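Below is one structure, written out as structure tokens; comments come after it.
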DNA sequence: TTTTTTTGTTACCGCTTTGTAACCAACCTG
DNA sequence: CAGGTTGGTTACAAAGCGGTAACAAAAAAA
């Protein structure tokens, strides 16, 4: 597994890196919050060990931004041991919180526990298909019946991904809002507008896939996959 | 969410229970390892708070047995603070490990982090059935004898769910009002109107299920589950 | 830095849902 | 028997919801 270790203390970053490499992980290091976000985007690590006290962008902010679009496991490793710190980090999406000085063995065990729970599902699939509709998740491009239809904006992409991953199921508005906007939060008016935009782009192009409203509940991506049997 | 709290220290089990209930969870308690397994099987909790030092069957053994067949999130709460203990528990499948004395706030935050990662959704029954009548609770759609009949409004859905969950029992008007309107409150005139609307939608479509008035008391969903014997 | 695109916010409109009041028949009580 | 209550039905106003559009602010791209 590929790890991103974020700490402005170079010596400690080395120790953590060594610990993780010994446990069989590949490690990339970032020494400040901005570099962390950059490396996260470019390297797509499987998990992140994140300090809180960072130059340029603190760890909590990093965590929050990552959580907007990603479920990559995040373990906080910090000198801060107050309840408020722990609770805040966990609230912003961290999966675990360890206080320095830390036990290398315990760090490895906790990494493994979180990865076990996370499974492989946190990785975004490269492509999703529903009926004759295909979404290139990375590029946000939609293809219908082999014909490229155009590109989605970031939020449109997240919404369609969520719907496609749960095709033929009704997703409550609250669930969609959580998945699209994450801890930053959104509201029903924003979802309504986004859904309108998504429908505008997809329109009636697909022959067997449509975006359905479930009044008072939410939305569903419906595919007529099974033609009536005769 | 339903929690199973396992601790032989009754006072501590009470504190943990209180903490979790305050956070909105339902709590069941077991005081030894054997009872824990029994309750886990019977109650199907959404997560488990597990002590290690338990009579009859220690916590590690409980964790191990549960993990053979289940992914139910498990948080260890123990006086043991040695690395070996933490690493072993995490290795045997625990999702998190906290040492006593514990911070209630941090316990709640860690429970939430683990549940979030586990993707445990608040569960409500997806479908309810009474006789030949089926209700999709999320979509509010009614199906009779396999034929979709239509969609209920939110309040109609709540009313029918309450009646179906208590089929063949008389529910007083006050109970129905509480369940349908909750803290917002309702009154008998509103219930009367709502029942009329529900009857209008369900009508006489069902062959073995009907909405019955109990004068001066309330209503009941009656199913003739046992066909007359011939 | 400027331009373009994306996103958030507000408004409008039509349709649906819900609350409220009224009417009527049936039943019960004094 | 008259009056009051209850339950079913109807009608309409008020509230809410979902689709669509416009514009300002923020973000991204050139």
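Chains as they are written, first to last, in the working numbering: chain A, 1 to 230; chain S, 231 to 460. C-beta atoms are modelled at their ideal positions from N, C-alpha and C, and glycine is treated no differently. Note that this is a predicted model, so its numbers are computed, not measured.
Residue i: first and last residue of the uninterrupted alpha helix (DSSP H) it sits in
{"i": "residue 192(A)", "result": "188-202"}
{"i": "residue 114(A)", "result": "104-118"}
{"i": "residue 36(A)", "result": "33-43"}
{"i": "residue 300(S)", "result": "Where residue 300(S) is concerned, there is no enclosing alpha helix (DSSP H), given that its DSSP letter is neither H nor E."}
{"i": "residue 287(S)", "result": "No alpha helix (DSSP H) contains residue 287(S), which DSSP labels as neither H nor E."}
{"i": "residue 392(S)", "result": "384-395"}
{"i": "residue 90(A)", "result": "83-91"}
For residue i, three-class secondary structure by DSSP
{"i": "residue 18(A)", "result": "helix"}
{"i": "residue 458(S)", "result": "Low confidence applies here, because residue 458(S) scores a pLDDT of 43, under 50, leaving its location unreliable and the question unanswered by this model."}
{"i": "residue 445(S)", "result": "coil"}
{"i": "residue 235(S)", "result": "strand"}
{"i": "residue 11(A)", "result": "helix"}
{"i": "residue 352(S)", "result": "For residue 352(S), the predicted structure reports a pLDDT of 49, less than 50, and the residue's modelled location is therefore unreliable. A value from the coordinates is still provided. Coil at residue 352(S), not helix or strand."}
{"i": "residue 326(S)", "result": "strand"}
{"i": "residue 145(A)", "result": "coil"}
{"i": "residue 471(S)", "result": "Outside the displayed range of chain S (231 to 460) lies residue 471(S), so it cannot be described from this structure."}
{"i": "residue 380(S)", "result": "strand"}
{"i": "residue 451(S)", "result": "strand"}
Candidates the options, of which the one nearest residue i by Cα
{"i": "residue 9(A)", "options": "21(A), 39(A), 50(A) and 2(A)", "result": "50(A)"}
{"i": "residue 308(S)", "options": "317(S), 283(S) and 322(S)", "result": "283(S)"}
{"i": "residue 212(A)", "options": "286(S), 392(S), 369(S) and 416(S)", "result": "369(S)"}
{"i": "residue 30(A)", "options": "22(A), 14(A) and 108(A)", "result": "14(A)"}
{"i": "residue 267(S)", "options": "440(S), 241(S) and 295(S)", "result": "295(S)"}
{"i": "residue 185(S)", "options": "423(S), 392(S) and 426(S)", "result": "Because chain S in this structure spans residues 231 to 460, residue 185(S) falls outside the shown range and cannot be described."}
{"i": "residue 57(A)", "options": "7(A), 18(A) and 87(A)", "result": "7(A)"}
{"i": "residue 349(S)", "options": "24(A), 5(A), 95(A) and 191(A)", "result": "95(A)"}
{"i": "residue 126(A)", "options": "184(A), 182(A), 76(A) and 141(A)", "result": "141(A)"}
{"i": "residue 250(S)", "options": "420(S), 289(S), 339(S) and 322(S)", "result": "339(S)"}
{"i": "residue 217(A)", "options": "176(A), 208(A), 84(A) and 116(A)", "result": "176(A)"}
{"i": "residue 254(S)", "options": "231(S), 346(S) and 413(S)", "result": "231(S)"}
{"i": "residue 321(S)", "options": "115(A), 178(A) and 93(A)", "result": "115(A)"}
{"i": "residue 26(A)", "options": "35(A), 33(A) and 4(A)", "result": "4(A)"}
{"i": "residue 195(A)", "options": "208(A), 157(A), 206(A) and 207(A)", "result": "157(A)"}
{"i": "residue 316(S)", "options": "184(A), 62(A), 208(A) and 111(A)", "result": "111(A)"}
{"i": "residue 210(A)", "options": "160(A), 148(A) and 191(A)", "result": "160(A)"}
Beta strand (DSSP E) segment containing residue i, residue limits
{"i": "residue 136(A)", "result": "133-136"}
{"i": "residue 30(A)", "result": "26-30"}
{"i": "residue 205(A)", "result": "It is not in any beta strand (DSSP E) - residue 205(A) carries neither H nor E in the DSSP assignment."}
{"i": "residue 128(A)", "result": "127-130"}
{"i": "residue 77(A)", "result": "74-78"}
{"i": "residue 282(S)", "result": "No beta strand (DSSP E) contains residue 282(S), which DSSP labels as neither H nor E."}
Notebook entry, point to check: For the stretch 299-319 of chain S against the stretch 270-277 of chain S, are there 3 or more C-beta pairs whose distance is under 8 Å?
Noted result: yes
Check: What residues in the stretch 147-180 of chain A have a beta carbon less than 7 Å from any beta carbon of chain S?
Finding: 170
Next item on the list: Pair every Cβ in the stretch 198-214 of chain A with every Cβ in the stretch 150-169 of chain A, then say whether three or more of these pairs are closer than 8 Å.
Entry: yes
Next item on the list: Compile a chain-ordered list of the residues in the stretch 70-95 of chain A whose CB is closer than 9 Å to at least one CB of chain S.
Entry: 71, 73, 83, 84, 86, 87, 88, 89, 90, 91, 93, 94 and 95
Next item on the list: Pull out every residue of the stretch 336-369 of chain S whose Cβ sits closer than 9 Å to any Cβ of chain A, in chain order.
Entry: 336, 338, 339, 340, 342, 343, 344, 346, 347, 348, 349, 351, 366, 368 and 369
Notebook entry, point to check: Does the pairing of the stretch 447-455 of chain S with the stretch 359-369 of chain S give three or more beta-carbon distances under 8 Å?
Noted result: yes
Margin query: With three or more beta-carbon pairs closer than 8 Å as the criterion, would you say the stretch 98-109 of chain A touches the stretch 158-174 of chain A?
Written below: no
Checklist line | Positions along the stretch 208-225 of chain A whose CB lies within less than 8 Å of some CB in chain S | finding: 214, 215, 216 and 217
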